[in-house]
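Trainee: Chains as they are written, first to last, in the numbering used here: chain S, 1 to 205; chain W, 206 to 410. By construction, the Cβ of each residue, glycine as well, lies at the ideal position given by its N, Cα and C atoms.
Number of protein chains: 2
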Amino acid sequence: MILLHHLRIGRSLFTVWQLEELGIKYSLKVYHRNPETFLAPIELKAVHPLGKSPVLEDGSLLLSESSAITTYLLEKFDTENKFSPPREDIFNWANFTQWLHYPEGSVFCPLLVRMLLLRSKEPHATLTPYSEREVALHLTNIENQLGENEYILGDKFTAADFGVTYIVSLAKRLGLLHSYESLNNYLEKNLARNAFKQAVERAVE
Amino acid sequence: MILLHHLRIGRSLFTVWQLEELGIKYSLKVYHRNPETFLAPIELKAVHPLGKSPVLEDGSLLLSESSAITTYLLEKFDTENKFSPPREDIFNWANFTQWLHYPEGSVFCPLLVRMLLLRSKEPHATLTPYSEREVALHLTNIENQLGENEYILGDKFTAADFGVTYIVSLAKRLGLLHSYESLNNYLEKNLARNAFKQAVERAVE
């Protein structure tokens with residue numbers, strides 16, 4: 001059975017959501033951050049050399065990259081392509097792949113920098129303008145991609161919405177969504193899905 | 206035909222390398238950074254809303270995430286699985302997917318922060334320790350994964366080596382590889398491949 005190593009608080013809640021959404025049976029092992037440093041506990045180092053979360057364990061397989069976990073879960077469990085275009089539909093599948101990689105590959109970094117700057121209360125000559133410029137660029141890009149659509153790739157929820165929802169929720173937590181009404185609506189709608197509520201019930205104390 | 210929008214200097218050289226390695230016909234459109242700000246020129250905004258590079262154009266398809274580009278090129282052109290395990294070999298394919306996502310998903314951010322800190326010559330209370338800790342963690346992780354192997358997934362070069370080579374080359378450019386002998390060797394070996402040399406010949410003035 002799938003075992004998810006789940007660190008409170010962090011992005012692994014969004015992996016729990018995927019497991020719920022895909023209807024996969026799984027067990028959870030919960031870890032807690034150091035309340036002072038907010039770093040992951042040393043126990044996670046015994047699970048995976050990076051000592052981070054999520055880590056998905058399936059037999060001898062260990063995956064720690066959120067979007068690689070999504071790709072794996074789709075390949076193994078979403079055999080009817082409910083959550084992604086089939087590969088034969090190569091244009092839509094390629095766009096899906098772009099939006100699957102984009103949140104972690106491009107958007108997370110400026111948000112993390114912003115979070116660390118906020119936490120320290122100390123601005124920086126190059127990193128503050130970098131994070132401000134890039135966060136605005138990417139939130140605007142996501143908003144434009146959404147347009148009038150319900151979901152990031154159109155009128156149908158896909159697995160690309162997992163990563164985008166995570167990144168938008170992080171931006172919200174950092175107080176960066178004031179001028180992005182459609183992103184607020186998008187976030188609210190996705191977090192109101194039954195599978196997300198089940199994830200919260202199971203994974204959040 | 207594939208058109209690659211290629212910004213000098215940056216990661217798109219590594220996309221050119223992939224095109225050469227896979228034997229794909231392509232054309233290049235070259236852009237140059239602003240010599241003062243080092244930012245991409247405004248012309249790239251007309252190509253893709255993020256205004257970054259690489260952007261791969263194939264008919265009406267536009268892809269801007271490096272690892273999504275790799276995934277697409279493999280799907281369309283590597284039909285004999287010369288550069289990745291077949292999906293039916295799900296354990297090895299999943300590990301490959303993990304290492305395909307990992308460089309951009311986890312390693313690039315602390316390296317970029319390090320680069321921006323070095324460029325400003327101004328340390329920062331939380332971002333300096335973040336970048337030092339994370340860069341060391343990831344370079345050590347890559348070194349451990351390599352072990353005695355020639356390539357990141359064993360004795361065979363795969364498409365996962367493209368992203369890892371890029372990230373290791375960036376670390377080298379930032380002067381961070383002194384104590385990582387095997388990473389230096391790995392980098393030297395990959396940059397000596399014929400396809401990389403052809404990429405340099407075609408894409409570097």
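For residue 247(W), which of helix, strand or coil comes out of DSSP?
Mentor: coil
Trainee: When we look at the beta-carbon of residue 42(S) and count the other beta-carbons within 10 Å, is it buried (16 or more) or exposed?
Mentor: exposed
Trainee: When you check each C-beta in the segment 111-135 of chain S against every C-beta of chain W, which residues fall closer than 8 Å?
Mentor: 112, 113, 116, 117, 119, 120, 122, 124, 125, 126, 127 and 130
Trainee: What residues of chain W sit near residue 71(S), judged by a beta carbon separation below 7 Å?
Mentor: 302
Trainee: Cα separation between residue 117(S) and residue 313(W)?
Mentor: 18 Å
Trainee: Is residue 287(W) helix, strand or coil by DSSP?
Mentor: coil
Trainee: According to DSSP, is residue 189(S) helix, strand or coil?
Mentor: helix
Trainee: DSSP three-state label for residue 27(S), please.
Mentor: The answer is strand: DSSP assigns residue 27(S) an E or B state.
Trainee: Looking only at its chain, what residues have a beta carbon closer than 7 Å to the beta carbon of residue 67(S), apart from the 5 residues adjacent to it on each side?
Mentor: 100, 101, 104 and 163
Trainee: What does residue 206(S) reach in chain W if we use C-beta pairs closer than 9 Å?
Mentor: A question about residue 206(S) goes unanswered here, because the residues of chain S that appear run from 1 up to 205.
Trainee: Tell whether a beta-carbon distance below 7 Å holds between residue 15(S) and residue 69(S).
Mentor: yes
Trainee: Determine whether the Cβ of residue 40(S) lies closer than 7 Å to any Cβ atom of chain W.
Mentor: no
Trainee: Under 8 Å, CB to CB, which of the residues in the segment 387-403 of chain W have a partner in chain S?
Mentor: Within the segment 387-403 of chain W, no residue has a Cβ lying closer than 8 Å to any Cβ of chain S.
Trainee: Report, in whole angstroms, the separation of the C-beta atoms of residue 261(W) and residue 268(W), which I expect to be a contact under 8 Å.
Mentor: 5 Å
Trainee: Would you say the segment 349-363 of chain W touches the segment 137-157 of chain S, given that touching needs at least three Cβ pairs under 8 Å?
Mentor: no
Trainee: Which residue's Cα is closest to the Cα of residue 379(W): 338(W), 231(W), 214(W) and 316(W)?
Mentor: 316(W)
Trainee: Can the beta-carbon of residue 26(S) be found less than 7 Å from the beta-carbon of residue 7(S)?
Mentor: no
Trainee: Count the other CB atoms, across all protein chains shown, that sit within 10 Å of the CB of residue 34(S); report buried if there are 16 or more and exposed otherwise.
Mentor: Of the other Cβ atoms in all chains shown, fewer than 16 fall within 10 Å of the Cβ of residue 34(S); this residue is therefore exposed.
Trainee: Nearest by alpha-carbon distance to residue 76(S): which of 181(S), 22(S) and 176(S) is it?
Mentor: 22(S)
Trainee: Please go through the segment 259-343 of chain W and give each complete beta strand (DSSP E) segment of 3 or more residues, from N-terminal end onward.
Mentor: 260-263 and 266-268
Trainee: With respect to the beta strand (DSSP E) encompassing residue 214(W), which residues constitute its N-terminal and C-terminal limits?
Mentor: Premise fails: residue 214(W) is in no beta strand (DSSP E) and is neither H nor E.
Trainee: Using CA coordinates, which residue listed in 37(S), 11(S) and 190(S) is at the minimum distance from residue 65(S)?
Mentor: 11(S)
Trainee: Looking at residue 165(W): is its Cβ nearer than 7 Å to the Cβ of residue 61(S)?
Mentor: Nothing can be reported for residue 165(W): it is not among the residues displayed for chain W, which extend from 206 to 410.
Trainee: Applying the criterion that 16 or more other CB atoms from any shown protein chain within 10 Å of the CB defines a buried residue, is residue 319(W) buried or exposed?
Mentor: Classification of residue 319(W): buried, given that the 10 Å Cβ count is 16 or more.
Trainee: Which residue comes first and which comes last in the alpha helix (DSSP H) that contains residue 367(W)?
Mentor: Where residue 367(W) is concerned, the enclosing alpha helix (DSSP H) stretches over 365-378.
Trainee: Assuming residue 405(W) is part of the alpha helix (DSSP H), what are its boundary residues?
Mentor: Looking at the DSSP string, the run of the alpha helix (DSSP H) that includes residue 405(W) is 399-408.
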